[in-house]
């Protein structure tokens with residue numbers, strides 16, 4: 001009889017063990033990070049991610065930041081735009097940032113050389129210079145040669161910025177001898193001079209013409225290897241949000257990111 005009495009207890013113990021095993025399995029599944037989701041719940045990172053980016057990326061990265069925040073509840077993307085050279089210097093001096101995107105590879109290399117990036121930067125876009133002229137093109141500019149005409153004023157980026165370095169190449173290759181009326185801190189400042197009708201022309205990126213809408217008109221420049229900048233992006237070694245930083249790079253280089261960049265006037269990497 002004692003043996004028979006023990007059976008219910010054995011069945012109860014087996015049932016309890018099975019329930020415990022099932023609960024443990026469910027918990028393991030709930031903690032599995034191997035799924036395809038990229039939300040902040042799978043990374044454990046929330047809060048503010050700091051992204052430093054070339055001024056020409058203002059509109060495209062603004063849209064991508066909205067997308068990123070929607071896909072990552074609890075995350076705020078803080079964007080700071082400036083000349084690439086200025087941003088790279090800030091990173092090298094220890095400014096808090098998670099991601100850096102520059103308008104040329106040489107500028108990014110100054111950060112790589114200081115071990116400031118996690119791995120190799122990823123190239124995600126290209127851009128080339130065009131001329132922006134005020135609406136109605138009052139100076140009648142039709143080619144880069146017109147910049148040498150008497151009375152014509154034009155503006156460029158300062159030559160420490162990628163857009164300025166590229167402008168020097170394009171002007172030299174075209175044989176233009178007239179000096180610019182001013183050198184602006186970045187491409188947005190250069191474009192603003194034209195929008196305000198303070199210059200007859202400005203050398204800006206093709207993407208800036210797209211985002212400017214009908215505020216200016218475009219005059220094409222020769223497009224060759226002398227007129228092309230390549231844009232890299234990298235997660236930074238000093239990132240406070242390293243997983244989110246990597247996911248931002250993934251977004252920018254993804255099909256979704258490429259569609260946003262193409263819409264903003266950028267070329268394929």
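Numbering (the numbering used here), first residue to last: 1 to 269. A virtual CB, placed ideally from N, CA and C, is assigned to each residue, including glycine.
- The beta carbons of residue 194 and residue 269 sit no closer together than 8 Å.
- About 11 Å separates the beta carbon of residue 85 from that of residue 91, a gap too long to meet the 8 Å contact definition.
- The Cβ atoms of residue 236 and residue 99 sit closer than 8 Å to each other.
- Inclusion of residue 187 and residue 208 in the CB contact set at 8 Å is warranted, their separation being smaller than that value.
- Taken through DSSP and simplified to helix, strand or coil, residue 138 comes out as coil.
- One alpha carbon belongs to residue 72, the other to residue 147, and they sit about 48 Å apart.
- The beta-carbon separation of residue 231 and residue 199, rounded to 26 Å, does not stay under the 8 Å limit for a contact.
- Secondary structure within the segment 28-116: the alpha helix (DSSP H) runs of 4 or more consecutive residues, fully enclosed, are 40-43, 58-71, 84-92, 105-112 (chain order).
- Excluding the 5 residues flanking it on each side, residue 52 has same chain C-beta neighbours closer than 6 Å at 80, 87, 97, 100, in chain order.
- Relative to residue 67, the option among 184, 129, 257, 127 whose CA is nearest is 257.
- DSSP places residue 218 in the uninterrupted beta strand (DSSP E) bounded by 216-219.
- Going by DSSP, residue 252 is part of the alpha helix (DSSP H) stretching over 242-253.
- Residue 204 is positioned such that its CB atom lies closer than 8 Å to that of residue 191.
- According to the DSSP assignment, residue 203 belongs to no alpha helix (DSSP H) but to the beta strand (DSSP E) extending over 201-205.
- Annotation: the continuous beta strand (DSSP E) that includes residue 182 extends over 182-184.
- Annotated three-state conformation of residue 168 is helix, per DSSP.
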